[in-house]
Amino acid sequence: MTERRKSEEKAGFTSGLTPLQRMEIDACTLCGECLRNCPVQAVTNRPEISPPEKIRMFREFIKGTEGLKSRLFGPGRPDRRLLEDFTKALFECTTCGACGQNCTVGIFTQRLWPMLRKEMVKKGLGPIGPQADMPEAVRTTGNPYKKPAEERYSPWFPEDVGVSAKADIAYYAGCTGAYEAQPMVRGDVGVLGRIGEPFTMLPPEDEVCCGFPLFITGQHEMLEDLTKRLVGAYKSRGVKVLVCSCPCCVNIMARDWPVFYGKELPFKIRHITQFVADSIRAGRVAIKKELKERIIYHDPCYLSRGAGIIEEPRAVLRSIPGVELLEFDLHGSNSRCCGAGGAARKVFHENAIAMARLTIDEAVEKKADKLILSCPACYAKVNEAMEGYDKKVQIVDIMELVAGLI
Ligand code: SF4
Ligand code: SF4
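Heads up: the sequence shown begins at 10 in our numbering, then just goes up one per residue.
See the structure below:
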């Protein structure tokens with residue numbers, strides 16, 4: 010065991026938690042109310058990986074290592090099997106935050122679970138499977154998929170859209186959009202081109218990972234470096250507004266980048282639906298073509314619950330002439346995870362597909378002509394879940410749709 014690992018073991022289980030997060034762990038009443046909307050429970054029905062059970066186990070670890078007995082006689086060593094079960098339950102969660110939304114004492118679980126993951130990673134118990142390869146992939150290629158930088162934009166970037174060397178507005182495509190949801194980022198850039206305000210982008214080798222996949226899997230070592238590289242690159246281009254379409258990128262940029270950067274960012278972060286809704290409201294662009302269809306919009310967890318961006322995508326969709334906008338039973342801040350969140354989709358593949366199919370099922374039941382998404386991870390996972398499935402609905406990204414109608 011290395012010296013670093015030994016000192017981390019001694020540090021107990023809470024050294025990286027805020028006082029509020031420690032209070033949240035104490036505050037859970039184990040009432041089980043949060044199980045109702047948990048998508049993992051919906052497809053597994055395994056209470057042993059539920060939010061109250063995770064909190065109950067974590068309390069035991071704290072008690073064993075930081076309680077009175079451990080202070081008097083030295084810290085105990087929690088059972089390895091329990092630690093492994095707990096870690097697996099933590100990583101099987103999609104970090105969607107629906108449990109926190111329904112929590113009777115207001116625990117902010119969308120933040121608590123990733124911070125507990127970080128604690129377990131410090132102890133060498135996580136991450137799980139291919140998640141452990143991500144830091145090296147980001148270090149060597151700039152993205153967690155280990156894809157070449159020269160293929161980051163070229164397969165999807167529209168030929169008729171120009172990019173400025175410097176501009177007030179910048180567009181960040183993000184790794185998942187660029188490599189796994191290309192119709193989505195193509196749509197983003199197409200709409201930005203139609204709005205007509207100059208925008209800049211970093212060269213593909215400089216548009217590195219925003220850090221979210223590393224953050225969410227508890228692997229935080231590179232986050233400060235990635236943030237400083239990206240913020241410095243946009244600052245040198247004179248950027249005032251950074252636009253991106255991935256809800257996870259928006260979250261880490263708005264919430265965590267200022268911490269890793271060490272001060273307020275020199276630009277604002279806007280999700281593409283905010284930017285386009287503003288542009289429609291200001292009369293800079295209008296959706297002219299009619300679409301006489303029933304469409305249903307899925308709120309991505311990190312966009313609705315995470316960033317509070319709920320009305321803007323609906324404002325964009327409602328501005329399409331002729332459209333009928335439907336809602337899922339669980340929508341807005343109560344939306345159901347598509348199954349792709351928390352980097353769990355590549356490890357707990359069957360859960361992810363089953364969750365995505367719940368979204369497809371409801372869209373089909375509601376007789377939607379199109380299922381509209383606004384997140385590259387949702388886009389990749391729901392499309393994958395449609396393969397070989399007998400229920401069918403057309404899946405379209407929100408900007409892919411808009412780009413075809415202006
Ligand atoms: S964050 Fe989502 S998946 Fe994880 S326990 Fe809470 S409701 Fe379930
Ligand atoms: S609703 Fe909140 S207090 Fe109740 S079990 Fe879930 S996390 Fe704990």
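Think of the CB as a built atom: it goes at the ideal place given N, C-alpha and C, for glycine as much as any other residue. Predicted, not measured: the structure shown is a model, and the values here were computed from it.
Between the Cα of residue i and those of the options, spot the shortest distance and give me the residue it belongs to.
i	options	result
Val49	Ile362, Glu393, Val402 and Ile404	Ile362
Trp165	Glu33, Val194, Ala174 and Lys156	Val194
Leu92	Thr103, Ile369, Gly109 and Thr74	Thr74
Pro275	Gly241, Gln110 and Cys258	Gly241
Glu101	Thr27, Cys47 and Gly133	Cys47
Asp169	Ala190, Gly25, Ala179 and Leu201	Leu201
Asn392	Ala377, Thr368, Gly413 and Leu410	Thr368
Ile34	Ala412, Gly41 and Phe67	Phe67
Pro256	Ala263, Val285 and Tyr311	Tyr311
Gly271	Asp234, Met143 and Val285	Asp234
Pro213	Met143, Gly220, Tyr180 and Glu230	Tyr180
Glu184	Gly171, Thr150 and Gly199	Per the sequence presented here, residue 184 reads as Cys, with Glu not at that position. Checking every option, the nearest Cα to that of Cys184 belongs to Thr150.
Lys375	Asn360, Lys355, Glu128 and Lys401	Lys401
Gly171	Glu230, Cys40, Ile204 and Ala286	Ile204
Gly341	Val332, Ala51 and Arg323	Arg323
Pro207	Ser24, Val250 and Glu189	Val250
Gln228	Gln191, Ile289 and Met124	Met124
Trp266	Asp308, Cys218, Thr27 and Ala295	Cys218
Met355	Ile404, Thr226 and Val268	Here residue 355 turns out to be Lys, not Met, going by the sequence shown. It is Thr226.
Lys297	Val332, Gln30, Glu216 and Asp370	Val332
Ala98	Ile137, Leu326 and Gln110	Ile137
Gly41	Pro28, Pro60 and Arg31	Pro60
Ile318	His280, Arg86 and Phe117	His280
Ala158	Glu216, Ala36 and Gly351	Glu216
Phe269	Ala286, Thr282 and Thr236	Thr236
Closer than 8 Å, CB to CB, is residue i near chain D or not?
i	result
Pro309	Reference to chain D is not applicable here, since this structure consists of a single protein chain.
Taking DSSP's pairing of strands, which residues face residue i in a bridge?
i	result
Ser173	Thr209
Asp406	Leu382
His280	Cys253
Lys333	In the sequence as displayed, the identity of residue 333 is Glu instead of Lys. Bridge partners of Glu333: Arg303.
Ala179	Thr209 and Leu251
Quick one: give me the first and last residue of the alpha helix (DSSP H) that residue i is part of.
i	result
Tyr311	Cys310 to Ser313
Glu374	His358 to Glu374
Ile3	This structure gives no information on residue 3, because the portion of the chain shown stretches from 10 to 415.
Lys244	Leu232 to Ser245
Asp94	Arg89 to Glu101
Pro192	Gln191 to Ile204
Gln228	Taken as a continuous stretch (DSSP letters only), Gln228 belongs to no alpha helix (DSSP H), as it is neither H nor E.
Glu320	Glu320 to Arg327
Phe70	Pro60 to Glu75
Val114	That residue, Val114, is in no alpha helix (DSSP H); it is neither H nor E in DSSP.
Pro48	Pro48 to Thr53
Val5	The requested residue 5 is not part of the displayed model; the chain covers only 10 to 415.
Phe22	Run containing Phe22: none; DSSP gives neither H nor E here.
Pro267	Trp266 to Tyr270
Whole runs of the alpha helix (DSSP H) within the region 129–171, excluding any shorter than 4 residues: 143–150
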